[in-house]
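Working notes for the structure below.
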Amino acid sequence: MIRFAILCLAMIGVFWGSAPAAAVETPCEACHRSYTPGIVSDWEMSAHAANEVTCSACHGDEHMTPEDTDKARLANWKTCEGCHAEQVEQFKAGKHSLAWASANAMPTTHWQPMALLEGQKGCTGCHKIGLKSDEEIQDLRDKGMKYGSASCDSCHTRHLFSTKEASEPEACGTCHMGIDHPQWEMYESSKHGVRYLLSQKGVLSDTVSAPKCQTCHLPEGTHENDTAWGFLAVRLPMPEDEQWAEDRATILQGLGVLGPDGKPTERLEVVKKARVAKLTEEAWQEKRTEMINICSGCHSEEMVKSELQKGDAMIREADRLMAEAIRVVASLYEDGLLEKPEHYAHAFPDLLAFHDAPTVVENKLFLMFLKHRMRTFQGAFHMNPDYTLWYGWSEMVRDLREIRRLATEMREKKS
Ligand code: HEC
Ligand code: HEC
Ligand code: HEC
Ligand code: HEC
Ligand code: HEC
Ligand code: HEC
Ligand code: HEC
Ligand code: HEC
Numbered sequence: 084m085i086r087f088a089i090l091c092l093a094m095i096g097v098f099w100g101s102a103p104a105a106a107v108e109t110p111c112e113a114c115h116r117s118y119t120p121g122i123v124s125d126w127e128m129s130a131h132a133a134n135e136v137t138c139s140a141c142h143g144d145e146h147m148t149p150e151d152t153d154k155a156r157l158a159n160w161k162t163c164e165g166c167h168a169e170q171v172e173q174f175k176a177g178k179h180s181l182a183w184a185s186a187n188a189m190p191t192t193h194w195q196p197m198a199l200l201e202g203q204k205g206c207t208g209c210h211k212i213g214l215k216s217d218e219e220i221q222d223l224r225d226k227g228m229k230y231g232s233a234s235c236d237s238c239h240t241r242h243l244f245s246t247k248e249a250s251e252p253e254a255c256g257t258c259h260m261g262i263d264h265p266q267w268e269m270y271e272s273s274k275h276g277v278r279y280l281l282s283q284k285g286v287l288s289d290t291v292s293a294p295k296c297q298t299c300h301l302p303e304g305t306h307e308n309d310t311a312w313g314f315l316a317v318r319l320p321m322p323e324d325e326q327w328a329e330d331r332a333t334i335l336q337g338l339g340v341l342g343p344d345g346k347p348t349e350r351l352e353v354v355k356k357a358r359v360a361k362l363t364e365e366a367w368q369e370k371r372t373e374m375i376n377i378c379s380g381c382h383s384e385e386m387v388k389s390e391l392q393k394g395d396a397m398i399r400e401a402d403r404l405m406a407e408a409i410r411v412v413a414s415l416y417e418d419g420l421l422e423k424p425e426h427y428a429h430a431f432p433d434l435l436a437f438h439d440a441p442t443v444v445e446n447k448l449f450l451m452f453l454k455h456r457m458r459t460f461q462g463a464f465h466m467n468p469d470y471t472l473w474y475g476w477s478e479m480v481r482d483l484r485e486i487r488r489l490a491t492e493m494r495e496k497k498s
């Protein structure tokens with residue numbers, strides 16, 4: 084604690100000394116220098132301080148004493164929009180802007196403890212990157228959850244708001260990690276990541292060609308992010324390969340987008356609205372072509388096309404195993420061995436029930452889908468053979484075996 088205080092004092096000393104000469108200290112800075120010195124020193128290092136964008140530009144100037152702090156306006160993305168309309172517009176065109184809506188559209192989200200949702204300690208701890216409407220922000224406030232509506236502080240964090248920070252792959256790692264989207268872990272140990280991290284450390288020159296997340300996903304400084312396959316790796320139109328088409332239809336049934344009768348359900352509307360999947364060949368191809376062009380800056384076009392096609396092929400293979408497993412569990416519903424939970428939309432196992440799926444066999448199925456199927460293709464797209472094989476494919480093969488065994492046991496017990 085004492086060491087921290089000394090460090091803070093030292094930092095204040097250094098940056099106070101080096102603060103832009105023109106800046107006259109505002110009452111906000113003066114008082115906050117003692118209450119929240121870390122905020123003031125970060126702000127002093129920022130492009131905002133250099134351009135006289137002061138505390139009150141984002142927080143208003145109604146609060147002036149320790150007693151009236153509730154008058155301070157908490158900045159949200161609309162505050163940024165006033166001065167950075169271009170970035171906000173790009174952001175809206177990309178998928179990050181939809182993250183709040185997509186998490187809230189999931190039935191499972193609302194079965195979790197409040198701290199995980201409104202409190203942003205679970206799903207919405209990451210999904211807060213999505214834009215919230217004024218009504219949503221107000222609703223959170225009414226529930227006593229007033230922080231975390233800025234979205235724009237997810238990569239260049241407050242109060243530094245540094246492009247340097249946002250431009251490094253670590254800025255993405257907080258959210259793009261873990262069981263269903265370990266892009267950070269896959270990247271970090273891929274040749275792409277190893278090269279980049281070595282150049283970051285200064286072992287290799289910083290001009291060495293090595294892609295980071297931003298190279299492939301936010302090229303040329305854009306804020307618009309979107310990939311061809313997306314998170315769930317399902318899309319329309321259905322593939323020509325008959326087996327794959329059948330398997331994908333089964334997965335869409337497991338996702339509740341198609342009903343047991345094969346007809347679209349109301350969930351298809353949610354998928355459309357949150358742009359979870361590409362619905363036309365053109366929309367998919369546009370994103371694929373963009374990616375090929377990026378890779379082609381460092382590899383031959385022929386090589387990257389064939390590499391990306393291998394990723395597509397891993398989706399097809401994974402779908403084969405996944406559909407088998409879904410059908411095994413679906414047959415348990417059909418034969419009355421598993422009870423269909425009240426809140427399930429239809430007779431298929433609901434993959435979107437996540438860990439709230441009531442039985443062991445359904446939980447196996449959820450992990451097979453969300454953890455292992457994801458890794459199988461995400462690893463292929465991120466040049467990480469170990470994720471594709473051992474953490475992905477191999478686990479899926481074993482999941483299917485286990486699901487079959489559990490189903491057999493349930494049938495034996497019944498007879
Ligand atoms: C005389 C001291 C003082 C002045 C002047 C002052 N503040 Fe504060 N401010 C505080 C204190 C104390 C807190 C509460 C800190 C805490 O909770 O630890 C606070 C809290 C805040 C908060 C957070 C509010 C919340 O809901 O958590 C913001 C934002 C803020 N101040 C901005 C400003 C701005 C902008 C100005 C100038 C217009 C300003 N402050 C002027 C003392 C001051
Ligand atoms: C460019 C806009 C911007 C400027 C300038 C700015 N802030 Fe903030 N501030 C934010 C954002 C965004 C948040 C996060 C709000 C949230 O979580 O909902 C925030 C949150 C805060 C908080 C409460 C949350 C926390 O982390 O404790 C305090 C206190 C605060 N700011 C003080 C200041 C002070 C003091 C200054 C000036 C030295 C300042 N801010 C300048 C954008 C800004
Ligand atoms: C009152 C206008 C204003 C507001 C409000 C504002 N900014 Fe800025 N911002 C600027 C100016 C001026 C610059 C410096 C010139 C530039 O880079 O455009 C800047 C620069 C930046 C940079 C580049 C920093 C760097 O390292 O070069 C980022 C990132 C940024 N702002 C983010 C934000 C975010 C996020 C918000 C909302 C929380 C916000 N700004 C609110 C005016 C503003
Ligand atoms: C605060 C958490 C957070 C951070 C930080 C973050 N992301 Fe995301 N990202 C998400 C969420 C949540 C989604 C899903 C959005 C949705 O609902 O469509 C997402 C989606 C994406 C997608 C779209 C995948 C698709 O569906 O096509 C890409 C690409 C992406 N992020 C790249 C990045 C990169 C690159 C960075 C770092 C510069 C980054 N993200 C930083 C949370 C984050
Ligand atoms: C560690 C951060 C994190 C947590 C916690 C998290 N997510 Fe996500 N979520 C992401 C990221 C990152 C993506 C995008 C991943 C990708 O495209 O590979 C995503 C994608 C999604 C998508 C797909 C959006 C789309 O359009 O493709 C949904 C829906 C979703 N999450 C819901 C949830 C729910 C519900 C929870 C809680 C049970 C949750 N998330 C917990 C980070 C998180
Ligand atoms: C997913 C991570 C991420 C999020 C979220 C994010 N940014 Fe950025 N931002 C970046 C990156 C990366 C850069 C550096 C771009 C470059 O290379 O010029 C950047 C740069 C900027 C700049 C400086 C632009 C310039 O040309 O100097 C501004 C301003 C900015 N962002 C505003 C915003 C606003 C406003 C939001 C919210 C709508 C936002 N950002 C959300 C990653 C992000
Ligand atoms: C060399 C380029 C490259 C780098 C570096 C890269 N990605 Fe990707 N990423 C891809 C490709 C290719 C896809 C699949 C695109 C498609 O759907 O066809 C992808 C897909 C994604 C997706 C959608 C789900 C998935 O994994 O298939 C997210 C989210 C994502 N990347 C985030 C990240 C993050 C975060 C980083 C850094 C930790 C990163 N990527 C590094 C090329 C890259
Ligand atoms: C900024 C340059 C850069 C970009 C962009 C880039 N790569 Fe790479 N890539 C490299 C380098 C350098 C290596 C290491 C080559 C080696 O292993 O000898 C590499 C390695 C690979 C490897 C391993 C090949 C081998 O010889 O072991 C594959 C596969 C690959 N990249 C595919 C892609 C794909 C697909 C994309 C686009 C999604 C892409 N790369 C984008 C620079 C890049």
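Under my numbering, the first residue of the sequence shown is numbered 84, with each subsequent residue one higher.
Glycine included, each C-beta is placed from N, C-alpha and C at the ideal position.
Every value quoted in this text rests on a predicted model; they were computed, and no experiment measured them.
CB contact below 8 Å: residue i versus chain B
i      : result
Thr459 : The structure shown has no chain B; it contains just one protein chain.
Same chain, Cβ closer than 6 Å to residue i, neighbours up to 5 away in sequence not counted
i      : result
Ser237 : Ile212
Ile409 : Thr333 and Gly337
Any non-hydrogen atom of ligand 3 closer than 7 Å to residue i Cβ
i      : result
Ser389 : no
Thr207 : no
Residues of its chain near residue i, where Cβ-Cβ distance is below 7 Å and the 5 sequence neighbours each way are ignored
i      : result
Asp439 : Thr191 and Trp194
Glu384 : Ile375
Arg487 : Val411
Gly394 : Phe460, Ala463 and Phe464
Ala105 : Low per-residue confidence applies at Ala105: pLDDT is 48, beneath 50, and the placement is therefore not dependable, though the value from the model is reported in the following sentence. Excluding sequence neighbours, Ala105 sits near nothing in its chain.
Pro424 : Pro441
Leu181 : Gly213, Ala357 and Arg358
Leu199 : Gly205 and Cys206
Euclidean distance between Cα positions of residue i and residue j
i      : j      : result
Val412 : Lys496 : 16 Å
His275 : Met466 : 8 Å
Arg484 : Glu201 : 39 Å
Glu492 : Asp344 : 28 Å
Leu341 : Glu352 : 11 Å
Glu369 : Gly231 : 34 Å
Leu448 : Val286 : 44 Å
Ala168 : Glu150 : 34 Å
Asp469 : Glu323 : 30 Å
Thr471 : Arg371 : 20 Å
Glu112 : Ile122 : 9 Å
Cys258 : Cys209 : 6 Å
Met147 : Leu243 : 23 Å
Trp183 : Lys215 : 7 Å
Beta-carbon contacts of residue i that lie in its chain and below 8 Å, excluding the five residues immediately before and after
i      : result
Pro320 : Thr363 and Glu364
Glu248 : Cys238, His239, Thr240 and Ala254
Met228 : Glu201, Gly202 and Gln203
Per-residue DSSP class, three states only, for residue i
i      : result
Pro432 : coil
Leu281 : helix
Pro322 : coil
Leu472 : helix
Pro347 : strand
Ala104 : Here the model assigns Ala104 a pLDDT of 44, short of 50, so the residue's position is not dependable, and the following value carries that caveat. Residue state, collapsed to three classes: coil.
Gly339 : coil
His455 : helix
Thr513 : Lying before the first or after the last residue shown, residue 513 is absent from the chain, which here runs from 84 to 498.
Phe437 : helix
Asn159 : coil
Met466 : coil
Trp312 : coil
Gly304 : helix
Residue i Cβ short of 7 Å to ligand 7 heavy atom set
i      : result
Tyr165 : In the sequence as presented, Tyr is not what sits at residue 165; that position holds Gly. Checking the Cβ of Gly165 against ligand 7 gives no.
Check: residue i C-beta below 7 Å from any heavy atom of ligand 6
i      : result
Ser124 : no
Ser383 : no
Phe437 : no
Residue i beta carbon near ligand 4 (any heavy atom closer than 7 Å)
i      : result
Ala366 : no
His239 : no
Ser129 : no
Residue i: CB within 7 Å of a non-hydrogen atom of ligand 1
i      : result
Cys114 : yes
Inter-stretch contact at 8 Å, needing at least 3 Cβ pairs: the stretch 293-301 / the stretch 274-285:
yes
Stretch pair the stretch 304-324 + the stretch 171-179: three plus CB contacts closer than 8 Å:
yes
Examine the Cβ distances between the stretch 206-220 and the stretch 174-187 and report whether three or more of them are shorter than 8 Å.
yes
Is the number of C-beta pairs between the stretch 157-165 and the stretch 131-143 that are closer than 8 Å three or more?
yes
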